[in-house]
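Single-structure report; data block below.
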Amino acid sequence: AQSVAQPEDQVNVAEGNPLTVKCTYSVSGNPYLFWYVQYPNRGLQFLLKYITGDNLVKGSYGFEAEFNKSQTSFHLKKPSALVSDSALYFCAVRDKAAGNKLTFGGGTRVLVKP
Amino acid sequence: NAGVMQNPRHLVRRRGQEARLRCSPMKGHSHVYWYRQLPEEGLKFMVYLQKENIIDESGMPKERFSAEFPKEGPSILRIQQVVRGDSAAYFCASSPWQESDEQFFGPGTRLTVL
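Line by line, the protein sequences give chains A and B.
Numbering-wise (our numbering), the first sequence opens with residue 529 and increments by one.
Numbering-wise (our numbering), the second sequence opens with residue 11 and increments by one.
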C-alpha cells in the first residue's frame with residue numbers, strides 16, 4: 529500500500545527566509561509525486577509534480593521540489609518565502625500499479641511572518 | 011475553460027437526512043474522483059468514476075454512501091441517513107484521461123450535520 533508522511537504539522541519562517549516542507553513516501557512501484565496548496569476554505573491548487581526525469585522539479589509561484597529516491601523523499605522548497613505563502617501544503621503520491629487514486633499526507637501548515 | 015465545479019459549497023443537514031453533493035468536471039474530462047477531508051486532516055480517497063462506471067470504490071464506506079457519474083450531467087455523491095461523523099469537506103477532482111498526471115480539484119462542499 530502507498531503512504532505519505534509529512535512529519536511537521538506546522539512550519540514557521542520569517543519572510544524572505546528559505547522555506548522547506550518535508551515529505552517522505554512509500555510505494556511498491558515507481559512513484560508519481562505531487563504538491564498541492566490549500567488556502568482557507570478553498571480547494572487544492574496544484575503546485576508541481578514529479579513523474580520522471582530530472583530530480584529537481586520547478587513549479588508554480590517559485591516553488592521547487594527535489595525527488596530523492598534513496599531517501600524516498602520529495603521535499604518542497606522555496607528560496608525566499610512570502611507572507612502570502614502562508615497556507616496548508618499537501619504532499620501526495622500516486623502508485624501507478626495501485627490505480628489512479630492519490631494518497632495524501634496529513635498536511636503541513638506554513639506560517640510566514642513579516 | 012471553467013474549472014471543476016461543485017455545488018452546493020455549503021450544506022447543512024440534520025441527522026438522518028440525505029445529502030447530495032454535485033460535481034461537474036472540467037470540460038473534456040471524463041474521470042472524476044471524490045475525496046473527503048475531515049477537520050485538521052489530509053484528504054482521503056473515496057471513489058473513482060468514469061462515465062457510467064465505478065472504477066475504484068475502495069475508499070467508500072460500505073453503508074449509506076454511493077456515487078454515480080451518469081452519461082449526462084454531473085457526478086453525484088449521495089450520503090443517506092447522515093450522522094455527525096459525516097461532517098467534512100468533500101472534494102471532487104477530475105482528469106482528462108486515465109493515464110493523466112494531475113487531478114484538478116474543485117472548491118469543495120462543506121457538509122455540516124447538526
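The beta-carbon is built from N, C-alpha and C at its ideal position, and this holds for glycine as well.
Predicted model only: the values in this text are computed from it and were never measured.
Test: residue i CB closer than 9 Å to a CB of chain A
i: D66 of chain B; result: yes
i: S105 of chain B; result: yes
i: Q113 of chain B; result: yes
i: E62 of chain B; result: no
i: L53 of chain B; result: yes
i: H39 of chain B; result: no
i: P117 of chain B; result: yes
i: V14 of chain B; result: yes
i: R120 of chain B; result: yes
i: F79 of chain B; result: no
i: F101 of chain B; result: yes
Rounded straight-line distance, which links the Cα of residue j to that of residue i
i: V621 of chain A; j: Q91 of chain B; result: 33 Å
i: P117 of chain B; j: D582 of chain A; result: 32 Å
i: K37 of chain B; j: V585 of chain A; result: 28 Å
i: V587 of chain A; j: L576 of chain A; result: Reading off the sequence, residue 587 of chain A comes out as Gly, not Val. Straight-line Cα distance between these residues: approximately 5 Å.
i: G557 of chain A; j: T600 of chain A; result: 12 Å
i: R67 of chain B; j: A529 of chain A; result: Residue identity differs from the one stated: residue 67 of chain B is Glu in this sequence, not Arg. Answer to the nearest angstrom: the Cα atoms are 16 Å apart.
i: K629 of chain A; j: L87 of chain B; result: 17 Å
i: N596 of chain A; j: T552 of chain A; result: 9 Å
i: K550 of chain A; j: G83 of chain B; result: 40 Å
i: R74 of chain B; j: I89 of chain B; result: 6 Å
i: V125 of chain B; j: S598 of chain A; result: Residue numbering for chain B in the displayed model covers 11 to 124; residue 125 of chain B lies beyond these limits and cannot be assessed.
i: V532 of chain A; j: G26 of chain B; result: 35 Å
i: S40 of chain B; j: Q538 of chain A; result: 36 Å
i: N17 of chain B; j: E112 of chain B; result: 22 Å
i: W563 of chain A; j: F574 of chain A; result: 6 Å
i: T631 of chain A; j: Y589 of chain A; result: 24 Å
i: I65 of chain B; j: C33 of chain B; result: 17 Å
i: C619 of chain A; j: T548 of chain A; result: 12 Å
i: F114 of chain B; j: G571 of chain A; result: 9 Å
i: R94 of chain B; j: A12 of chain B; result: 33 Å
Neighbourhood of residue i by C-beta distance below 7 Å, restricted to the same chain and skipping five residues each side
i: A98 of chain B; result: R46, Q47, L48, L121
i: I579 of chain A; result: Y560
i: S554 of chain A; result: Q530, S531, T600
i: P642 of chain A; result: E543, V611
i: D623 of chain A; result: Q530, V555, S556, G557, P559
Cβ separation of residue i and residue j, assumed to be a contact under 8 Å, to the nearest whole Å
i: L604 of chain A; j: A593 of chain A; result: 5 Å
i: V541 of chain A; j: V640 of chain A; result: 6 Å
i: V14 of chain B; j: S104 of chain B; result: 5 Å
Residues near residue i in its chain [Cβ-Cβ closer than 6 Å; skip 5 each side]
i: S608 of chain A; result: G544
i: H20 of chain B; result: R120
i: V57 of chain B; result: W44, E67, M70, A77
i: Y567 of chain A; result: A615
i: R637 of chain A; result: Q538, L616
Own chain, CB closer than 8 Å to residue i, minus 5 neighbours either side, in chain order
i: P546 of chain A; result: K605, K606, P607, S608, A609
i: E62 of chain B; result: F79, P80, K81
i: P535 of chain A; result: K550, T552
i: E28 of chain B; result: R88, I89, Q90, Q91, V92
i: S54 of chain B; result: Reading off the sequence shown, one finds Lys at residue 54 of chain B, where the question assumed Ser. Closer than 8 Å at Cβ, skipping near neighbours: Y45, R46, Q47, L48, G69.
Contact with chain B by residue i, beta-carbon distance below 9 Å
i: L572 of chain A; result: yes
i: F632 of chain A; result: yes
i: Y589 of chain A; result: no
i: K605 of chain A; result: no
i: G581 of chain A; result: no
i: N558 of chain A; result: no
i: F618 of chain A; result: yes
i: N628 of chain A; result: yes
i: F602 of chain A; result: no
i: N569 of chain A; result: yes
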